[in-house]
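Heads up: the protein sequence lines correspond to chains U and B, in order.
Per the working numbering, the very first residue in the first sequence carries number 1; after that it's consecutive.
Per the working numbering, the very first residue in the second sequence carries number 1001; after that it's consecutive.
Ideal Cβ placement from N, Cα and C applies to all residues, glycine included.
If you're wondering where the values come from, they're calculated on a predicted model, not measured in any experiment.
Remarks on the structure that follows.
Protein chains: 2
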Amino acid sequence: MKLNEKGLLVIISGPSGVGKGTIRKALFQIPDNNFCYSVSMTTRAPREGEVDGQDYFFVSREEFERRIKDNALLEYAEFVGEYYGTPLDYIDKQMESGKEVIVEIEVQGALQVQERIPEAVFIFIVPPSKKALIERLEKRGTDTPEKIKKRIEKAEREYSLAYKYDYIVVNDEVTNAADRIYAIIRAEHAKTERSIYKYYKLMEGKE
Amino acid sequence: MKLNEKGLLVIISGPSGVGKGTIRKALFQIPDNNFCYSVSMTTRAPREGEVDGQDYFFVSREEFERRIKDNALLEYAEFVGEYYGTPLDYIDKQMESGKEVIVEIEVQGALQVQERIPEAVFIFIVPPSKKALIERLEKRGTDTPEKIKKRIEKAEREYSLAYKYDYIVVNDEVTNAADRIYAIIRAEHAKTERSIYKYYKLMEGKE
């Protein structure tokens, strides 16, 4: 029996190249989960194999900037010349229906969400070592050397922001990291601040 | 990879009759756990089948009061005319060696521990309903009707103290409750306040 029936907003963040996307995929493989996927929106070009509406919503700069103006994004960031953001629309509805909404975003975006929704769960994914992160960024074949250099510099600036998050999870092995995030989600539901209201109602014998 | 290498002190508490002991036993059945057992000390008589040094250390009032005076107990409480307490000795050593020390105690004792060791993890076990708790207390065949009445009154006073704990876990089904506690322990290790020091050392490349 879960005392908190509303779903959580779970922010999976961390420096670029740390494996956030792979961890999110592993998380969704966990049996009997009630996770729901928040698809991000971006102005960057699709990489090979990426599907619109599944990996990202791929939109034009004009379209993206219209949404910024309409305040229709949970957060957004400009990164290496491209916009990335999270459409706000169905997130609330999913949480109300008891789904855990898993959002994978860059550090800049996560900190925007934290100002807007401090009760969300903020998880910072880190590499097992600095060397491992740099290797992963260099191996990514889709960017120019100049872009890779920018990414490494940005990752180095982002290291120091870990203290702003609720949890730090090491991506030493993808399934370990996903299991730990699942444990965090279960634990967060049991937190007194989230569960005490329903508990007192139970003890009154009203439910 | 766990960023926090020190074991946690995990306090499992809640009103008498809620099933704390059964949950603790289920917790120790979880494979590959590194839990360690803190055996309580009491002046009450052993129930049938209880083994000294395993279920409790059964001691005299004189012996117990000497330990109170020596400050050699993590906490203690007098309950229905008998003392219950937790010997302090090996707890610290176990935590230093990376073991999670699981302590099962009454509400009064848990709140004493909270003053002394606020960084411990405080879990309040609750029944699925008030009716379920009263039934469990009545079924316990080892006490006199007078003692049962005292237990129910005490449990009712303790309901309202849930807000002082970090987590509330419903004992609807023992293995569910134990699994949720295991998730809490894993999540607590990933908490930023416990893991950031080791993380920054990793990022410096020192480890």
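So residue i contacts chain B; which residues on that side make the cut at Cβ distance below 8 Å?
i, result
"U/V169", "A1190"
"U/G17", "Simply none; closest approach about 14 Å."
Can you pull the chain U neighbours of residue i, defined as C-beta to C-beta under 9 Å?
i, result
"B/L1202", "V126, P127, P128, S129, K130 and V170"
"B/G1205", "S129, K130 and K131"
"B/Y1159", "Y199, Y200 and M203"
For residue i, write down the residues that DSSP places opposite it in a beta bridge.
i, result
"U/D52", "U/Y56"
"U/T86", "U/E75"
"B/L1133", "In DSSP, B/L1133 forms no bridge with anything."
"B/T1042", "B/F1058 and B/Y1084"
"U/L9", "U/V101"
"B/V1169", "B/I1125"
"B/Y1037", "B/I1102"
Which residue marks the beginning of the beta strand (DSSP E) containing residue i, and which one marks its end?
i, result
"B/V1103", "E1100 to E1104"
"B/L1073", "L1073 to F1079"
"B/L1111", "Run containing B/L1111: none in the beta strand (DSSP E); it sits in the alpha helix (DSSP H), V1107 to R1116."
Can you have a look at residue i and say buried or exposed, based on whether 16 or more other CB atoms are within 10 angstroms of its CB?
i, result
"B/V1051", "exposed"
"U/F28", "exposed"
"U/Y199", "buried"
"U/N34", "exposed"
"U/R157", "exposed"
"U/Q54", "exposed"
"U/K99", "buried"
"B/G1026", "Note on identity: in this sequence residue 1026 of chain B is Ala, with Gly being the wrong assignment. Result: buried."
"U/I68", "exposed"
"U/G7", "buried"
"U/S38", "buried"
"U/T86", "buried"
"U/T175", "exposed"
"B/T1144", "exposed"
"U/R151", "buried"
"U/R66", "exposed"
"U/R24", "buried"
"U/A120", "buried"
I want to verify the contact list: residues of chain U whose CB lies under 7 Å from the CB of residue i, in sequence order.
i, result
"B/I1196", "A162, Y163 and I168"
"B/R1180", "R186 and A190"
Using a C-beta to C-beta distance shorter than 7 Å, which residues of chain B count as neighbours of residue i?
i, result
"U/M1", "P1128, V1170 and D1172"
"U/A183", "A1183, R1186 and A1187"
With respect to the alpha helix (DSSP H) encompassing residue i, which residues constitute its N-terminal and C-terminal limits?
i, result
"U/Y200", "T192 to M203"
"U/I30", "No alpha helix (DSSP H) contains U/I30, which DSSP labels as neither H nor E."
"U/P145", "P145 to Y159"
Under 8 Å from any heavy atom of the ligand MG, does the C-beta of residue i make it?
i, result
"U/E62", "Ligands displayed in this structure: none; no statement on the ligand MG is therefore possible."
### Query
Quick one: any contact between the segment 115-132 of chain U and the segment 6-24 of chain U, if contact means 3 or more CB pairs under 8 Å?
yes
#### Entry: Contact between the segment 176-195 of chain U and the segment 1181-1195 of chain B (3+ Cβ pairs under 8 Å)
yes
### Query
Can you find at least 3 beta carbon pairs, one from the segment 43-63 of chain U and one from the segment 88-107 of chain U, that sit closer than 8 Å?
no
### Query
Taking one C-beta from the segment 1162-1176 of chain B and one from the segment 146-165 of chain U each time, how about it: are there three or more such pairs within less than 8 Å?
no
### Task
Evaluate contact between the segment 111-124 of chain U and the segment 63-79 of chain U, counting only Cβ atoms and requiring at least three cross-stretch pairs below 8 Å.
yes
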